[in-house]
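A.B. asks: Quick note: the sequence shown, position 60, residue 329 per this note's numbering, numbers continuous.
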Amino acid sequence: MTTRLFDTLARLAATIESRKGGDPKASYTAQLLSDPAKAAKKLGEEATETVIAAVSHDADALA
């Protein structure tokens with residue numbers, strides 16, 4: 270599981286990096302990265318959902 274997790278995080282990081290500096294009108298990721306407050310809010314939302322799924326033992330939500 271650890272290797273899979275790191276692979277997933279590496280792919281996510283690569284995707285985010287590739288969209289950084291893109292047109293915020295064409296890319297939701299670029300839109301978030303152009304506004305630190307929006308990016309922080311989205312990160313908080315995703316972190317909360319992940320924690321809830323983890324404590325609920327919801328493997329599907331964590332996949």
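In this text, a Cβ means the ideal position worked out from N, Cα and C, and glycines have one as well.
1) For the alpha helix (DSSP H) that A332 lies in, which residues bound it at each end?
2) For L281, is the classification buried or exposed, using 16 other Cβ atoms within 10 angstroms of its Cβ as the cut-off for buried?
3) Could you check how far apart the C-beta atoms of K289 and L302 are, in whole angstroms? I think they sit under 8 Å.
4) Taking Cβ to Cβ, would you say I285 is nearer than 9 Å to T277?
5) Can you find the residues in the same chain that come closer than 8 Å, C-beta to C-beta, to K307, ignoring five residues on each side of it along the sequence?
C.D. replies: Taking the geometry as given:
1) Here residue 332 corresponds to residue number 63 of the sequence shown, with the count starting at 1. For A332, there is no enclosing alpha helix (DSSP H), as DSSP marks it with neither H nor E.
2) Walking along the sequence shown from the start, residue 281 turns up at place 12. Residue burial annotation: L281 is exposed, with fewer than 16 other C-beta atoms found within 10 angstroms of its C-beta.
3) As a first step, residue 289 is located in the sequence shown; it is residue number 20 there, counting from the start. As a first step, residue 302 is located in the sequence shown; it is residue number 33 there, counting from the start. Yes, they are in contact, since the Cβ atoms of K289 and L302 sit about 5 Å apart, within 8 Å.
4) Translated into positions along the sequence shown, residue 285 becomes position 16. Translated into positions along the sequence shown, residue 277 becomes position 8. Contact flag unset, no.
5) As a first step, residue 307 is located in the sequence shown; it is residue number 38 there, counting from the start. Excluding sequence positions up to five before and after K307, its CB lies within less than 8 Å of the CB of Q300, L301, all in the same chain and listed in chain order.
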